[in-house]
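Beneath this line is the structure, given in structure tokens, with notes to follow.
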Amino acid sequence: MRFSILIIFFYFFITIGISQVKVKPVLNIHGASEVLCLNSYSRNEIDDTALRLLGLNLNPGIQLQTNSGTFGMLFNYQYSVFTNLYDFTRYRNHMIGGVIQYSLYSEIKRFRPYFSIEVKSEIATNSKNAYMDDYYVPHSLTYSSDFNHDGSYVFYKSRIYQSTPLVSSLIMGGDFRIIENLHLKFGFGYKLRLMKTKYAEWELGEDVNEKLKTTPNENHYFHMLDVQLGLSYSFTFKPK
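With the working numbering as the guide, the letters of the sequence shown map in order to residues 41 to 280.
Structure follows, in structure tokens:
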């Protein structure tokens, strides 16, 4: 008897819960600026003081709306570039991943705080095996050379970009309703970026690409401030 009552209560609870949830397709578009704010453990190996990134993000997905909040599950595509204090560099990359987001309160509120977790990985770049200059920017046109005091040549050396297999963020911010279904979002938070490089020294006339085949990867972890600004639109389909 008690078991039957529990089953009925559980069924009633689930039915009521589902009936109060609205499922909507949603599309987010936002720009992101990432700035190094804490030293990486590789600080003594490289100069990472000028690590800056700009990214454009496209996030299609679905959101589950209730009277108490909105839960979103989104796909994440990002196109990003490195920039330092002086100019844009030629580094470009494409990343994909996922976003889990939760906004407090009902969507009819003018302002709602939100929290999100983002994880993505690089799928394509124009800088594979590119030299890296003193500002830790891939795709430098040059590499370093060592010379003796008398000016005689010793060897070439450089760190060489490989990939960015992991970027994860924890973001908090505000959701401002502009009109029905259209929202302006501003957020900031912590970002962890894992970058893989290789270090090589080679002689004049030596093929550095052959040397890289047996050179192990170096992992560099960067702790960054992530600032985001963008728009979110949820689609409503009314029955005919």
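Here a beta-carbon is modelled for each residue, glycine too, at the ideal position from N, C-alpha and C.
A direct Cα-Cα distance of roughly 32 angstroms separates LEU94 from SER146.
Under DSSP, ALA170 shares a beta bridge with no residue.
For the options VAL66, VAL75, LEU67, the alpha carbon positioned closest to that of GLY229 is the one of VAL75.
When the five nearest sequence neighbours on each side are left out, the beta carbons in the same chain lying within less than 8 angstroms of the beta carbon of TYR142 are those of GLY109, THR110, PHE111, GLY112, TYR154, PHE155, SER156, in order along the chain.
Separation of LYS251 and THR276 (C-alpha to C-alpha, rounded to the nearest whole angstrom) is 57 angstroms.
A direct Cα-to-Cα measurement between ALA164 and MET135 gives close to 7 angstroms. In this structure, DSSP gives ASN107 a state outside helix and strand, which the three-state scheme calls coil.
Distances from the CA of LYS236 to each of LEU96, MET264, MET212, VAL207 were compared; the closest alpha carbon is that of VAL207.
In this structure, DSSP gives VAL61 a state outside helix and strand, which the three-state scheme calls coil.
Spanning the alpha carbons of SER203 and GLU258 requires a straight line of approximately 11 angstroms. For the options ILE140, GLY101, ASN97, GLY137, the alpha carbon positioned closest to that of TYR119 is the one of ASN97. GLU250 sits in a helix when the DSSP states are folded into three classes. Annotation for GLY138: MET113, LEU114, PHE115, ASN116, GLU158, VAL159, LYS160 place their beta carbon closer than 8 angstroms to its own, counting only its chain and skipping 5 residues before and after. Rounded to whole angstroms, VAL63 and ILE102 show a C-alpha spacing of 7 angstroms. Per DSSP, TYR145 is not a residue of any beta strand (DSSP E), being assigned neither H nor E. Proximity to LEU234 across PRO100, GLN105, ALA170, HIS260 peaks at HIS260, based on C-alpha coordinates. A direct Cα-Cα distance of roughly 14 angstroms separates LEU104 from ILE148. Between VAL66 and SER209, the CB-CB gap reaches or exceeds 9 angstroms.
Per DSSP, the unbroken beta strand (DSSP E) holding GLU162 starts and ends at 151-165. Listed in chain order, the non-local C-beta contacts of ASN166 below 8 angstroms within the same chain comprise ARG130, TYR131, ARG132, ASN133, HIS179, local neighbours out to five positions each way being set aside. Between the alpha carbons of LEU144 and ARG152 lies a distance of about 6 angstroms.
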